[in-house]
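Down below is the structure, laid out as structure tokens.
In UniProt numbering, the protein residues as written are 1 to 239.
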């Protein structure tokens, strides 16, 4: 469940901001964050022994239960946290509202003109499923940020708004930032510019990064293969 992934990372960040952990305990902390997030979000959560097996039996059931108690104490039992996933779903609805109706109402040629896409480089499938490609690309960008320390200085809402701005710019959807998006996200382009620049740099580095799980995940056809999309050289100048 994507909700579990985002909540796990959020809980992990909150916990590590309060507690100093030894290097040999980091995996235990990560497994505990996954355990708590899964308990909160999933109907069926993994058993402790299953999580221990993931760590090659590096920890015991007792150690995990102790860490779970420490987690809950430090987080004051507050596990419900607004994650990037929540903001992304909301902002995507606003972002996609100007895409799907164009194809359905006007057809391919008019959609090409209205979206200012180069029809010579866009197939009918690209246009018909442009909203899906936008969603996949935006989620790809935000998932790349999950493991980036420098992304922590930005609020989840700003990260998601910036990811959508970069995604729309990359797919040449004009305007890259609409009044409806500004109203829902409560950000203007000038406010998300720095965050968007950071996301673009992360996207450019993803292909050669040592952490390639997200990159390889979004190379899959069912996720539109958005990891293969060439990043922009630079973001467009704001109008």
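For glycine and all other residues, C-beta sits at the position ideal for the given N, C-alpha and C. This one's a predicted model, so the numbers in the text were calculated from it and none came from an experiment.
Mind checking residue i: buried by the 16 CB within 10 Å criterion, or exposed?
i           : result
residue 224 : buried
residue 120 : Only weak support exists for where residue 120 lies, its pLDDT of 47 falling under 50; the coordinates are left without a value.
residue 77  : exposed
residue 1   : exposed
residue 21  : exposed
residue 228 : exposed
residue 26  : exposed
residue 43  : exposed
residue 140 : buried
residue 222 : exposed
Mind checking whether residue i and residue j have CB atoms under 8 Å apart?
i           : j           : result
residue 37  : residue 7   : yes
residue 231 : residue 200 : yes
residue 31  : residue 54  : yes
residue 52  : residue 67  : no
residue 144 : residue 203 : yes
residue 135 : residue 92  : yes
residue 215 : residue 207 : yes
residue 69  : residue 61  : no
Can you give me the Cβ contacts of residue i inside the same chain, cut-off strictly under 8 Å, excluding the 5 residues immediately before and after it?
i           : result
residue 236 : 169 and 176
residue 133 : 126, 171, 224 and 226
residue 154 : 162, 195 and 198
Apart from the five residues on each side of it in sequence, which residues of its chain come closer than 7 Å, Cβ to Cβ, to residue i?
i           : result
residue 159 : 84, 142, 145, 151 and 195
residue 59  : 28 and 52
residue 184 : 90, 91 and 94
By Cβ distance below 6 Å, which residues in the same chain neighbour residue i in space, the five residues on each side in sequence not counted?
i           : result
residue 45  : 38 and 39
residue 87  : 156, 157 and 160
residue 137 : 167 and 226
residue 190 : none
residue 187 : 161
residue 33  : 8, 11 and 12
residue 18  : 74
residue 233 : none
residue 5   : none
residue 180 : 94
Does the beta carbon of residue i sit closer than 8 Å to a beta carbon anywhere in chain B?
i          : result
residue 95 : Annotation note: the requested chain B is absent from the structure, which comprises a single protein chain.
Spell out a yes or no on whether the region 159 to 169 and the region 73 to 80 are touching, meaning 3 or more CB-CB pairs, one atom from each, closer than 8 Å. In this structure the region 159 to 169 does not lie against the region 73 to 80, because fewer than three pairs of beta carbons, one per stretch, are closer than 8 Å.
Taking three-plus beta-carbon pairs below 8 Å as touching, is the region 7 to 17 in contact with the region 73 to 93? In short, these stretches touch, since the Cβ pair count reaches three.
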